[in-house]
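**Student:** Just dropping this structure here.
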Amino acid sequence: MDWITQEQAKQAAEQGELPSLECSLEHHQQGRDATKLELIMAIENGNCSMGGQLCACCSKYRLISSAGSCKDCPLEEATEIHQKLGQLIAYAKRKQENKKC
């Protein structure tokens with residue numbers, strides 16, 4: 045599996061809300077879809093963290109917050125994220141499209 049790196053998460057965070065949200069969701073989806081062996085190997089090799097380290101969305105809010113807080117990250121309160129991936133991406137895309145109007 046081609047795991048998302050911290051550098052990719054940082055780049056997505058710098059691109060704005062929608063790219064950072066999509067990157068974060070993709071990373072969490074990788075963790076969900078990985079086999080047990082893939083996940084163990086990724087964690088042992090330091091290529092994967094399902095915490096905030098690789099949440100590009102959290103990184104985005106840390107970049108704009110002087111306190112370094114990610115409390116405004118839309119994923120912060122999301123439970124059962126694997127069931128909400130499609131809904132969150134669709135919501136973010138609609139939100140982005142509405143800003144253009």
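No gaps in the numbering here: position 39 of the sequence shown is 83 in my numbering, and each next residue is one more. Think of the CB as a built atom: it goes at the ideal place given N, C-alpha and C, for glycine as much as any other residue. Note that this is a predicted model, so its numbers are computed, not measured.
(1) Cβ of C67 within 9 Å of Cβ of I48?
(2) Using DSSP with H/G/I as helix, E/B as strand and the rest coil, what is G60?
(3) In whole angstroms, give me the CA-to-CA distance for K143 and L62.
(4) Does D77 come out as helix, strand or coil in the three-state DSSP assignment?
(5) With a threshold of 16 other CB atoms inside 10 Å of the CB of G60, please say whether the residue is buried or exposed.
(6) Do A53 and H72 have their beta-carbon atoms positioned less than 9 Å apart in this structure?
(7) When the Cα atoms are used, what is the spatial distance from Q74 to E141?
(8) Count the other CB atoms within 10 Å of the CB of L69; is the residue buried (16 or more) or exposed (fewer)?
**Tutor:** Reading off the structure:
(1) Judged by their CB atoms, C67 and I48 are nearer to each other than the 9 Å cut-off.
(2) In the structure shown, G60 sits in coil (DSSP, three-state: anything other than H, G, I, E or B).
(3) Here the alpha carbons of L62 and K143 stand approximately 12 Å from one another.
(4) Helix, per DSSP.
(5) Label assigned to G60: exposed.
(6) No, the pair does not count as a contact, with Cβ atoms beyond the cut-off.
(7) One alpha carbon belongs to Q74, the other to E141, and they sit about 27 Å apart.
(8) Its Cβ being crowded by 16 or more others within 10 Å, L69 is buried.
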